[in-house]
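*Asks:* Residue numbers (our numbering), protein chains in the order written: chain D, 1 to 399; chain P, 1001 to 1353. This is the structure, below, for whatever I ask next.
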């Protein structure tokens, strides 16, 4: 028999994967709030239900987002988590840290909060998990002093995120980190002061492998790509073959466009680049031999989201290719036009993709001044319910 | 008064010198072993990355321990991945083996690269959310314990990305995962007529329902739910706290498979429903763990190299997937939301299972 107060959670200290319960217990040694969080979670495990009340609006001066209010529904049992608010701290782009910065965050959070964090939350922020209302402003002040700022929440621009990009990836076709950082800095007002119909997410992946799930998870996805020929190093191709790579089976046969020919006899790879859709598979398998083409930029897609409210959407191509070089004027102009249109036409809690779906892509494209191109669709429409613009119709007076 | 709108610290100050020198100039990379990446620059510089798993929910003391490791082995430079892994960035190859040794001694799993199961993206669950239908950290811990060897070994046909969201809000946006674990309710919300008139805006509450199941009752300043039209998404509760929906006996977990995010080979895909309901059975969710393990094992035994779970299923057919995994196909698997008919089979080309 054990006299532990958390017999159910103790079971989750067993097993090889690192245990969050151990981290909670570690924090609980120092912080009564962490101890009560542990005890309340144990009650949830017993009752099979959450024990947090719905919402609660709290914040810091000048901001309408970045803090998530949270109150226990059993403050009688767990008084130290009566108020247990989250602060979302905008992570350094690419989630790069030097330890002195991380230690500063830890010190601030030990001073003001539960000592528990998420590194990181799903949107990307460093999550400081649990503090009281009176600590919010002092905690923010200390964060600001240390060079940190809050991220987005509610109907705001959520903290943009980016893949590791040119910092550590040979496939980077755009500077995902710089684009993300510049967007974050330029759009600070939108992050801190919710002003939209609903949330808006921007994610930047420097190639089609999409390590930050931009197409699936963001209203505006910036995806690095290239035009022109894949750069082939024939000697390295042969080296892969010599090392035992089955280029026919693992590369050529898996190419979705069948755009390559592999000659076993003279061990040469020929790529018909006009047929290539730049999926990245061959580059992924042979990074030493194949590299993205030299003319680089991004495809811009919009509308991605999770199910709530009208169903999940993957983002749609609206600009097949855009050159992206500082100061990214064309990109930021487009973002501004998109947000203005959404703001003007969107209903409360309507994401961009849902609005485009409701009003029609043609209206969106017209408002953006973007030409319709075949890269935007999987195939043309199959129904004959076609709208024409009034100016396209030859109007004759009817007598 | 503290400065506002300063934004995050400039990431450039956190890049190790070798990255600053080779920024945008990497030539290729290799996965030396599970959890170790070797990036080579055009000038011949070599950067090693050692990737370790993390519970995501970290105490400040645990973070300090991670900092100690980063200071000992990589001059204080580290990063985190979009799947909550820790990455130690080393310019000195001689430090790689000692770092791994110390990580393993301290029970950090080293792996998550290449054709392995990386860390699970997940949400807050009962730890800190007000709308969860299940916990997040607990099921994740139980599943990763079971799949541990697939994190530390690259022994699968391709990447397997598993994610968990504790309700349909999907903070974790799990909807494009190889395996998605999604908390669900199965009973309609219960409008609290005493609190609702003071707490909720009727038009917003009515508009929150994707299936039009909520009607305003103007006379009583509350709403009525048509239980027959409700599919328990919980969105009304998100906008109206007086419509609680949590139900310990009926809440639980659904499992979705075959999604992917990358554009490699096939286009990004949504995950599709595999198992409509498994019970919340804390502390270790054995039914969920067994179901995930079964799917991973059947896939691992049958898929071809480089074939993601969804690509394998599309090749063999969903009817074969249900036969091979032994998962029961039910009327729940057949869509009845807005684009349902696009998923109905319109050909006689199918397999017998």
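Just so you know, even glycine gets a beta-carbon here, dropped at the ideal spot from N, CA and C. This one's a predicted model, so the numbers in the text were calculated from it and none came from an experiment.
Which residues, in order along the region 276 to 293 of chain D, keep a beta-carbon less than 7 Å from a beta-carbon of chain P?
*Replies:* Those would be 279, 280, 281, 284, 287, 288, in chain order.
*Asks:* Measure the Cβ-Cβ separation of residue 1095(P) and residue 96(D) and say whether it is below 8 Å.
*Replies:* Cβ atoms of residue 1095(P) and residue 96(D): not closer than 8 Å.
*Asks:* Thinking residue 1122(P) and residue 1163(P) are a contact (beta carbons under 8 Å), I'd like their distance in whole angstroms, please.
*Replies:* Rounded, the Cβ-Cβ distance is 6 Å, consistent with contact.
*Asks:* Does any residue of chain P bring its CB to less than 8 Å from the CB of residue 116(D)?
*Replies:* Closer than 8 Å: yes.
*Asks:* Under 7 Å Cβ-Cβ, which residues of chain P neighbour residue 110(D)?
*Replies:* Near residue 110(D) (Cβ distances below 7 Å), the residues of chain P are 1060.
*Asks:* With DSSP collapsed to three states, give me the class of residue 324(D).
*Replies:* Three-state result, residue 324(D): coil.
*Asks:* From what residue to what residue does the alpha helix (DSSP H) around residue 1289(P) run?
*Replies:* Here the alpha helix (DSSP H) through residue 1289(P) covers 1286 to 1302.
*Asks:* Along the chain, where does the beta strand (DSSP E) that runs through residue 295(D) open and close?
*Replies:* Element bounds for residue 295(D): 295 to 302.
*Asks:* For residue 365(D) and residue 310(D), I'd like the C-alpha separation in whole angstroms.
*Replies:* Distance between the alpha carbons of residue 365(D) and residue 310(D): 21 Å.
*Asks:* Alpha carbon to alpha carbon, how far is residue 1(D) from residue 13(D)?
*Replies:* With a pLDDT of 48 at residue 1(D), under the threshold of 50, the modelled position of this residue cannot be trusted; read the value that follows with caution. About 17 Å.
*Asks:* With 16 other CB atoms within 10 Å as the buried threshold, where does residue 1025(P) fall?
*Replies:* It counts as exposed.
*Asks:* At 7 Å on the CB atoms, spell out the chain D contacts of residue 1266(P), in chain order.
*Replies:* Those within 7 Å of residue 1266(P) in chain D are 256.
*Asks:* Spell out whether any CB of chain P is found under 8 Å from the CB atom of residue 16(D).
*Replies:* Taking Cβ atoms only, chain P reaches closer than 8 Å to residue 16(D), which makes this a yes.
*Asks:* Are residue 1114(P) and residue 1051(P) close, meaning C-beta to C-beta below 8 Å?
*Replies:* No.
*Asks:* Does any residue of chain D bring its CB to less than 8 Å from the CB of residue 1011(P)?
*Replies:* With 8 Å as the cut-off, residue 1011(P) counts as an interface residue toward chain D.
*Asks:* Using a Cβ-Cβ distance cut-off of 8 Å, determine whether residue 169(D) contacts chain P.
*Replies:* Yes, because at least one Cβ of chain P sits closer than 8 Å to the Cβ of residue 169(D).
*Asks:* May I ask you to report which of helix, strand or coil DSSP gives residue 1198(P)?
*Replies:* Note: residue 1198(P) maps to helix in three-state DSSP.
*Asks:* Rounding to the nearest angstrom, what Cα-Cα distance links residue 1343(P) and residue 230(D) in this structure?
*Replies:* C-alpha separation (whole angstroms): 36 Å.
*Asks:* Just the Cα atoms here: how many angstroms apart are residue 1308(P) and residue 1353(P)?
*Replies:* Computed Cα separation, rounded: 20 Å.
*Asks:* Can you confirm whether residue 383(D), when its beta carbon is compared against all beta carbons of chain P, has any partner nearer than 8 Å?
*Replies:* It does not; no Cβ of chain P falls within 8 Å.
*Asks:* If you measure between the beta carbons of residue 1208(P) and residue 1156(P), is that distance less than 8 Å?
*Replies:* No. Outside cutoff.
*Asks:* Applying the criterion that 16 or more other CB atoms from any shown protein chain within 10 Å of the CB defines a buried residue, is residue 1158(P) buried or exposed?
*Replies:* By the neighbour-count rule (16 or more Cβ atoms within 10 Å), residue 1158(P) is buried.
*Asks:* Would you mind telling me which residues of chain P sit closer than 8 Å to residue 63(D), beta carbon to beta carbon, in chain order?
*Replies:* Neighbours of residue 63(D) on chain P, chain order: 1004.
*Asks:* Would residue 310(D) count as contacting chain P if we go by Cβ distances under 8 Å?
*Replies:* Taking Cβ atoms only, chain P reaches closer than 8 Å to residue 310(D), which makes this a yes.
*Asks:* Go through its chain and collect everything with a Cβ distance to residue 1202(P)'s Cβ below 6 Å, but skip five positions before and after it.
*Replies:* Within the same chain, residue 1202(P) has close Cβ partners 1216.
*Asks:* Can you tell me whether residue 1351(P) is buried or exposed? The criterion is at least 16 other CB atoms within 10 Å of its CB, across all chains shown.
*Replies:* So residue 1351(P) counts as exposed.
*Asks:* Compute the Euclidean distance between the alpha carbons of residue 205(D) and residue 373(D), then round it to the nearest angstrom.
*Replies:* Those two C-alpha atoms are separated by around 23 Å.
*Asks:* Closest to residue 44(D) by C-alpha separation, out of 1047(P), 1137(P), 1049(P), would be which residue?
*Replies:* It is 1137(P).
*Asks:* If distances are taken between C-alpha atoms only, which option among 83(D), 167(D), 233(D), 66(D) comes closest to residue 140(D)?
*Replies:* When only C-alpha atoms are compared, the closest one is 66(D).
*Asks:* Under the rule that 16 or more other beta-carbon atoms within 10 Å means buried, what is residue 393(D), buried or exposed?
*Replies:* Its Cβ having fewer than 16 others within 10 Å, residue 393(D) is exposed.
*Asks:* Looking at the secondary structure, which residues open and close the alpha helix (DSSP H) in which residue 1097(P) lies?
*Replies:* Residue 1097(P) -> alpha helix (DSSP H) spans 1096 to 1105.
*Asks:* Relative to chain D, which residues along the region 1298 to 1317 of chain P have a C-beta separation below 7 Å, given in chain order?
*Replies:* From the region 1298 to 1317 of chain P, only 1305, 1306 have a Cβ closer than 7 Å to chain D.
*Asks:* Pick helix, strand or coil for residue 268(D), following the three-state DSSP scheme.
*Replies:* Strand, per DSSP.
*Asks:* Taking Cβ positions, are residue 84(D) and residue 37(D) nearer each other than 8 Å?
*Replies:* Yes, these two residues count as a Cβ contact at 8 Å.
*Asks:* Closer than 8 Å is the cut-off here; do at least three beta carbon pairs connect the region 1054 to 1073 of chain P with the region 1175 to 1182 of chain P?
*Replies:* Segments in contact, no.
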